[in-house]
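Beneath this line is the structure, given in structure tokens, with notes to follow.
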Amino acid sequence: MNFPKRVNYQDSEKQLVIVGSKNPVKLSSTENAFSEAFSKSFLVNGVNASSGVSDQPKGSKETFEGAKNRALNSKNTFPEADYWVGIEGGIEEDEHGMLAFAWIYILDKSGKSSQAKTGTFYLPKKVTELIHSGMELGEADDQVFQKENSKQQGGSVGILTHGVLDRKNYYSQAIILALIPFLNQNLY
34 MNFPKRVNYQ
44 DSEKQLVIVG
54 SKNPVKLSST
64 ENAFSEAFSK
74 SFLVNGVNAS
84 SGVSDQPKGS
94 KETFEGAKNR
104 ALNSKNTFPE
114 ADYWVGIEGG
124 IEEDEHGMLA
134 FAWIYILDKS
144 GKSSQAKTGT
154 FYLPKKVTEL
164 IHSGMELGEA
174 DDQVFQKENS
184 KQQGGSVGIL
194 THGVLDRKNY
204 YSQAIILALI
214 PFLNQNLY
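Going by my numbering, the letters in the sequence shown line up with residues 34 to 221, in that order.
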């Protein structure tokens, strides 16, 4: 893959961020979060990076591992970048039902890493039943809500909040939280 390392932009160089996915929502949320957090533009590209976990991660530990693996595998695929980002959505169950969330893992060229988790929300019973039968969350959403490829659009959070919070904003907030150590180098 030939990605440009840096691009000149208004007399400054854009830093390159590689996301361990080609999902347009993950790319867009990463670009949005980095630009907002650092108050400058970044060049964001995605690569197909293995998560090394199941297609539908279950539990916080497996989901975190998937995000970390995506970031590390992105670095192995394209080591010339400035940052690598892994985003992995997962599910887990507690006494109230099945909930959804995502982990974010960020690594920079100095070797510093950080992570953050999104907020959580409970899934409807019909979606939960389909996941128990072996479907991934995105497929279950598509079937229950008669959507097509919803995970590359608003996702569960967008569907269930009627667009008030879409997947891009949901991920962007957690990416910004994961960037805290990079924004406060003297503290971390």
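By construction, the Cβ of each residue, glycine as well, lies at the ideal position given by its N, Cα and C atoms. Just so it is clear, the structure is predicted and the values come from calculations on it, not from any experiment.
- Its chain contains Ile137, Ala207, Leu210, Ala211 as the residues whose beta carbon lies nearer than 6 Å to that of Ala149, once the 5 sequence neighbours on both sides are disregarded; these appear in chain order.
- A Cβ-Cβ distance of about 4 Å is found for the pair Ser205 and Ser62, placing them in contact under the 8 Å criterion.
- The alpha carbon of Tyr203 has as its nearest neighbour, out of Lys59, Lys158, Leu49, the alpha carbon of Lys59.
- Distance check between Ser72 and each of Lys47, Thr151, Asn182 places Lys47 closest, using alpha-carbon atoms only.
- Trp117 is a Cβ neighbour of Ala104, given a cutoff of 8 Å.
- DSSP, reduced to helix, strand and coil, places Asp199 outside both helices and strands of the structure shown, so it counts as coil.
- For Glu125, the closest C-alpha among the options Gly99, Thr161, Val86 is that of Thr161.
- Taken in chain order, the complete beta strand (DSSP E) segments of 3 or more residues contained in the stretch 143 to 209 are 146 to 150.
- In the three-state DSSP reduction, Lys94 falls in the helix class (H, G or I).
- C-alpha of Asp175 to C-alpha of Lys184: approximately 9 Å in a straight line.
- The beta-bridge partner set that DSSP reports for Tyr116 consists of Val50, Asp141.
- By alpha-carbon distance to Glu121, the top candidate from Ser93, Gln218, Phe154, Pro112 is Ser93.
- Following the DSSP letters along the chain, one finds Phe215 inside the alpha helix (DSSP H) bounded by residues 213 to 216.
- By DSSP's assignment, Gly85 forms no beta bridge with any residue.
- Under the 10 Å beta carbon count, Lys108 is surrounded by 16 or more other beta carbons and is classified as buried.
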